[in-house]
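Protein chains: 2
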Amino acid sequence: MVKQDIVIIRYGHREVRDFRVTSHCALVSRALGASKIIICGTPDETVEKTIKGVNARWGGKFEVKFSEGWLSTVKKLKKKGYKIAHLTMYGIPIQRIEKELEKITKLAIIIGSQKVERAVYENADYNISVASQPHSEIAALAIVLDRIQQGKELEKEQKGAGLKVVPQSKGKKVIDLK
Amino acid sequence: MVKQDIVIIRYGHREVRDFRVTSHCALVSRALGASKIIICGTPDETVEKTIKGVNARWGGKFEVKFSEGWLSTVKKLKKKGYKIAHLTMYGIPIQRIEKELEKITKLAIIIGSQKVERAVYENADYNISVASQPHSEIAALAIVLDRIQQGKELEKEQKGAGLKVVPQSKGKKVIDLK
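So the protein lines, in turn, are chains A and B.
At position 49 of the first sequence (counting the first as 1) the number is 49 in this note's numbering, and the numbers step up by one without a gap.
At position 56 of the second sequence (counting the first as 1) the number is 1056 in this note's numbering, and the numbers step up by one without a gap.
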C-alpha cells in the first residue's frame, strides 16, 4: 500500500441543522485515516470543539478547517497535486474503481448533502457511488475509506492518545496512557 | 456466500433530536442489504415515511418497525434463531471476526447512540468494533455490512424499482422503469 494523504471536503454545511451529521463526517474521517476535513458553508465552532476534545483524549492530529467556497478549496488542492473524488449515488461504483484509487497518494474526497451543484461533478476527477441507491454520505465515506486503504486504517494507532481501548468480547476496557 | 437475513436494531431513538441520524441508519440498512430496521424508543413516523417514499421510487421491500423495548426484541429474535451483534468501539475488531460473521444466516445488528446500557453488551453474541475509536454508528454499520457480505450487497438489484441509476463518470443518468 502506498502512503496516502486523504483530505475530506464537506460541501454545503448549514450551522445547527447539520451539526450532528457533519460531526459524524468529521469523526469518521478522523477515525478512518483522513488527515483533515474542510467544511464549506457556515463556520461551525461546535464541530471543531468536538474534534479537539476527541483528539485530546484519543490522540492524533486530525484537523478541522473552514472554507467559504468549495471551488476555491478544490482548485487549491488540485494545484498541490490532489486528485478530487466526489461521492454521489450517480457515479461509478466504488468496486470498479477502488484499485485505481488505492494508488493515489494525495486524494481529496468531496461529500455533499442532498443538493450538490453540477459544477461539483464537473470539477471532480472521479465521481464515485456506493450502491447506486440513496443513503448516507457518512456511510459512503466510511466504505470508500475502508476500501481504498484496504482496511489498513483499522489497525492504525492514533499518536499521543491519552486513552486506548483494549477490545473486549463483553464490556469495556480502556487504558489510561497518561 | 451463504444467503443471509440481516435485521438492524436501532437502540435508543429519540424523536425529533435523532430523526436525521436514524433516517441515515435506516437508509443505509436498506441500501446495503438488510431486510428491516427495528427502532427502539419513541415511534417516529417521519422515518417510516422517508423509507416508504424511497422504496416506492427505488424499489425493494425494506421494512421499518418500532419496538418499545430492545430487550424483548432481542429475545424474540434469538428465539427465531438470530445471532445478535452489537456495534461498539469497545468490542472485538471487525477484521478479526468477519469470517465468522459471514457464515451466520440470521443476524441482528444492534446500533446504539452514545450511552448504551450494560445489558446490551451482555445480551449480544458478538460485540464488534470498527477502529476502536469514537466515530459514528452509521459508518460502523456500513463497514460491517460491506465486510460480512463481502461487497456483494453493492451489486444487489432492488426489486420493483421505478427508477434506476446508470452510473456515470460525470453527471446523472436515471432510467424510469415504470
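Think of the CB as a built atom: it goes at the ideal place given N, C-alpha and C, for glycine as much as any other residue.
It should be emphasised that the depicted structure is a prediction, and the values quoted were computed from it without experimental measurement.
Go ahead and label residue i buried or exposed: buried means 16 or more other beta carbons lie within 10 angstroms of its beta carbon, across all protein chains shown.
i       : result
A/D146  : buried
A/D176  : exposed
A/L71   : exposed
A/E137  : buried
B/Q1158 : buried
A/R17   : exposed
B/V1166 : exposed
B/A1056 : exposed
B/A1031 : buried
B/G1160 : exposed
B/R1010 : buried
A/G59   : buried
A/G171  : exposed
A/G33   : buried
Just to make sure I have the definition right: I need the residues of chain B whose C-beta is within less than 9 Å of the C-beta of residue i. Which are they?
i     : result
A/R20 : R1017, D1018, R1020, V1021
A/Y90 : V1165, V1166, P1167, Q1168, G1171, K1172, K1173, V1174
Does the beta-carbon of residue i, which I'm using as the reference point, lie nearer than 7 Å to any heavy atom of the ligand COA?
i     : result
A/K79 : Ligands are entirely absent from the displayed structure, and the ligand COA is therefore not among its contents.
Determine the chain A residues that contact residue i at a beta-carbon separation under 8 Å, and present them in chain order.
i       : result
B/W1070 : Going along chain A, no residue has its Cβ under 8 Å from B/W1070, so there is no contact; the nearest lies around 17 Å.
For residue i, which residues in chain B fall below 7 Å Cβ to Cβ?
i      : result
A/L101 : Simply none; closest approach about 14 Å.
A/K170 : Y1121, E1122, N1127
A/S136 : H1024, L1027, V1028, I1138
A/P93  : L1154, P1167
How would you write the range of the alpha helix (DSSP H) that residue i sits in, first residue to last?
i       : result
B/T1105 : First-last for B/T1105: undefined, no H or E at that position.
B/K1075 : 1070 to 1079
A/Y82   : That residue, A/Y82, is in no alpha helix (DSSP H); it is neither H nor E in DSSP.
A/F19   : 19 to 31
B/K1049 : 1045 to 1058
A/L145  : 137 to 148
B/V1166 : Looking at the DSSP string, B/V1166 is not in any alpha helix (DSSP H), and its letter there is neither H nor E.
B/V1116 : Run containing B/V1116: none; DSSP gives neither H nor E here.
Kindly say whether residue i, judged by its beta-carbon, lies nearer than 8 Å to any beta-carbon of chain A.
i       : result
B/L1107 : no
B/L1032 : yes
B/D1146 : yes
B/Q1004 : no
For residue i, would you say it is in contact with chain B, using Cβ-to-Cβ distances shorter than 8 Å as the test?
i      : result
A/K226 : Examination of residue 226 of chain A is not possible in this model, given that chain A is present from 1 through 178 alone.
A/S132 : yes
A/I9   : no
A/I38  : no
A/L154 : yes
A/A56  : no
A/A85  : no
A/I143 : yes
Just the chain A side, please: which residues come within less than 7 Å of residue i by C-beta, in chain order?
i       : result
B/Q1150 : Simply none; closest approach about 11 Å.
Can you tell me where the beta strand (DSSP E) with residue i in it begins and where it stops?
i       : result
B/D1176 : 1174 to 1176
B/R1010 : 1005 to 1013
A/E63   : 63 to 67
A/K36   : 36 to 41
B/S1132 : Here B/S1132 belongs to no beta strand (DSSP E), and DSSP marks it neither H nor E.
- [ ] Would you check if the stretch 1 to 16 of chain A and the stretch 39 to 54 of chain A touch, i.e. whether three or more CB-CB distances between them fall below 8 Å?
- [x] Judged by Cβ distances under 8 Å, the stretch 39 to 54 of chain A makes contact with the stretch 1 to 16 of chain A, as three or more pairs qualify.
- [ ] Determine contact between the stretch 1116 to 1127 of chain B and the stretch 117 to 130 of chain A, defined as no fewer than three beta-carbon pairs at a distance below 8 Å.
- [x] Result no; under three Cβ-Cβ pairs closer than 8 Å.
- [ ] Evaluate the contact criterion for the stretch 102 to 109 of chain A versus the stretch 1140 to 1155 of chain B: three or more CB pairs, one atom per stretch, below 8 Å.
- [x] With the cut-off at 8 Å, the stretch 102 to 109 of chain A and the stretch 1140 to 1155 of chain B do not touch.
TODO: Taking 8 Å as the threshold, find out whether the stretch 126 to 135 of chain A comes into contact with the stretch 85 to 94 of chain A through three or more Cβ pairs.
DONE: Yes, they touch.
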